[in-house]
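Note sheet for the following structure.
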């Protein structure tokens, strides 16, 4: 009896024929398993998998092959044509292989791996940006920025300032604000448009706007490249940013300290270069 005829009988409920079909095809499954074991012998050894383990999973591959074949009746393909695919799938699972994605640990690079640069004692971790660098002063900076914006809004007429604060700070609609202020919706729209027009022309608000985007661009430069260009670590950079905010609040001058810092770093770099030249 052919393999296909046995599959038909099994599909009709003759489950005792499963063993007969297995005995007729087990050598084919073992042959596929042996090929896979030889192809991935290094992987098998590293995972403690022996050839007999591959033979064991062939039974489950056989059952999957039987199910797959019976799900597609009336096909001209033979039962054995389904076998190779399911043997591969079970061997892959046994060896921990992925068909569409590599195991991350197989190609991961250690963070302590040295960098191929002229600098000494630098590793991969030194090139990763410190995502926590801006958080210590982020709240101070935001509250400082908000206070300065509110000061400019306060220069507007009373109703216009109230409209802006209610609209953008409390997220209320113009209809809700008009009811609270006791004016018509049309008057509210006029007050709102006039307030926005005045704020757009405010020179100090324009300065705040430029400063805001300039500062946001700085937060992206806390990795190794930033250190290489400026000589500052993320800790030093944080301190200078904090000093800038505090100095402005006190009316102090921050630029002098910043210039002195970079001058000191530049002089230090020149001294190191001179010392290296003397050693050569």
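Residue numbers (the numbering used here): 8 to 287.
Ideal Cβ placement from N, Cα and C applies to all residues, glycine included.
Being a predicted model, the structure only gives us computed values, none of them experimental.
One or two residues paired with residue i in a DSSP bridge
i, result
"residue 121", "130"
Extent of the continuous alpha helix (DSSP H) to which residue i belongs
i, result
"residue 67", "58-77"
"residue 26", "24-46"
"residue 185", "181-188"
"residue 87", "Here residue 87 belongs to no alpha helix (DSSP H), and DSSP marks it neither H nor E."
"residue 19", "Premise fails: residue 19 is in no alpha helix (DSSP H) and is neither H nor E."
"residue 195", "192-208"
"residue 161", "First-last for residue 161: undefined, no H or E at that position."
CB contact flag (residue i, residue j, <7 Å)
i, j, result
"residue 47", "residue 61", "no"
"residue 168", "residue 156", "no"
"residue 11", "residue 86", "yes"
"residue 171", "residue 202", "yes"
"residue 64", "residue 104", "no"
"residue 166", "residue 210", "no"
"residue 16", "residue 24", "yes"
"residue 76", "residue 14", "yes"
Cβ-based burial, residue i [other Cβ within 10 Å; buried from 16]
i, result
"residue 51", "buried"
"residue 26", "exposed"
"residue 195", "buried"
"residue 19", "exposed"
"residue 264", "Because residue 264 carries a pLDDT of 48, less than 50, the predicted location of this residue cannot be relied on, and no value is offered for it."
"residue 97", "buried"
"residue 56", "buried"
"residue 117", "exposed"
"residue 53", "exposed"
| Do three or more CB pairs link the segment 30-42 to the segment 78-98 at distances below 8 Å? | yes
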